[in-house]
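Here is the structure we will look at, set down as structure tokens.
In this note's numbering, the protein residues as written are 6 to 244.
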């Protein structure tokens with residue numbers, strides 16, 4: 006199923022109940038930046054009960070989110086095993102929605118074990134906390150497609166050419182080998198076209214902090230007010 010704003014409020018209630026979270030016993034909840042996770046009612050409920058919601062940076066859940074890192078893969082493996090087993094026992098039949106629950110139960114009991122879940126938190130360095138769990142190679146993809154800051158001007162100090170003294174009579178000392186990437190650098194991606202929808206660039210945030218929560222509430226009000234205005238307009242139009 007799909008997570009919705011109303012359903013996420015129930016998720017927060019469930020989390021508070023089973024963790025016994027409170028302002029004297031605070032907890033940390035790590036989530037992605039899905040719109041349903043930034044619902045102001047859920048954030049208010051979380052903050053009132055000592056739950057700090059921290060979101061992952063965009064496009065990083067495959068490296069940082071425990072479910073993606075160490076739970077989904079074994080779950081899918083065991084689920085496929087259950088489906089294959091059912092098909093072998095029922096040749097010529099089609100798997101229906103009534104058999105899926107049994108296959109999910111088989112996979113859930115074998116993949117959602119304490120050992121698997123603990124390892125999924127350990128691998129991205131969440132717990133035990135390890136800030137050095139990622140190496141430079143994990144950030145290579147962002148370096149290859151790095152874009153120049155569009156706010157930079159052509160006359161910035163980096164683009165100013167200063168006259169240099171002649172080196173015609175100077176013999177260059179022997180130097181070590183320079184790789185092509187050190188000479189030309191990594192390729193740069195082209196500038197993106199302006200986003201007409203004006204979509205806000207995502208980032209990692211503490212969603213329950215007052216500044217971020219106020220900003221989220223303001224964006225929700227901006228979405229609601231135009232809808233109310235259109236509804237009133239439609240009622241006033243004569244039939």
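Positions of the beta carbon are idealized from the N, C-alpha and C atoms, including for glycine.
Quick caveat, the model's predicted, so the values are computed rather than measured.
- Secondary structure within the segment 9–97: the beta strand (DSSP E) runs of 3 or more consecutive residues, fully enclosed, are 32–36 and 56–60 (chain order).
- A contact between stretches requires three or more CB pairs, one per stretch, nearer than 8 angstroms, and the segment 79–99 fails this requirement with the segment 54–69.
- Under the criterion of beta carbons closer than 8 angstroms, residue 213 and residue 11 do not qualify as touching, at roughly 19 angstroms.
- DSSP, reduced to helix, strand and coil, places residue 122 within a helical segment of the structure shown.
- Scanning its chain for C-beta atoms nearer than 6 angstroms, with the 5 sequence neighbours on each side dropped, one finds around residue 33 the residues 57, in chain order.
- Note that the segment 92–111 does not touch the segment 128–141; fewer than 3 beta-carbon pairs, one per stretch, sit closer than 8 angstroms.
- As a beta-bridge residue in DSSP terms, residue 211 pairs with 59.
- Residue 195 sits in coil when the DSSP states are folded into three classes, being neither helix nor strand.
- With a cutoff of 8 angstroms on beta-carbon distance, residue 20 and residue 41 are scored as not near each other.
- Boundaries of the alpha helix (DSSP H) around residue 109: 102–116.
- When only Cα atoms are considered, residue 72 and residue 182 end up about 45 angstroms apart.
- Under the three-state reduction of DSSP output, residue 219 falls in the helix class.
- In the three-state reduction of the DSSP assignment, residue 185 falls in the helix class.
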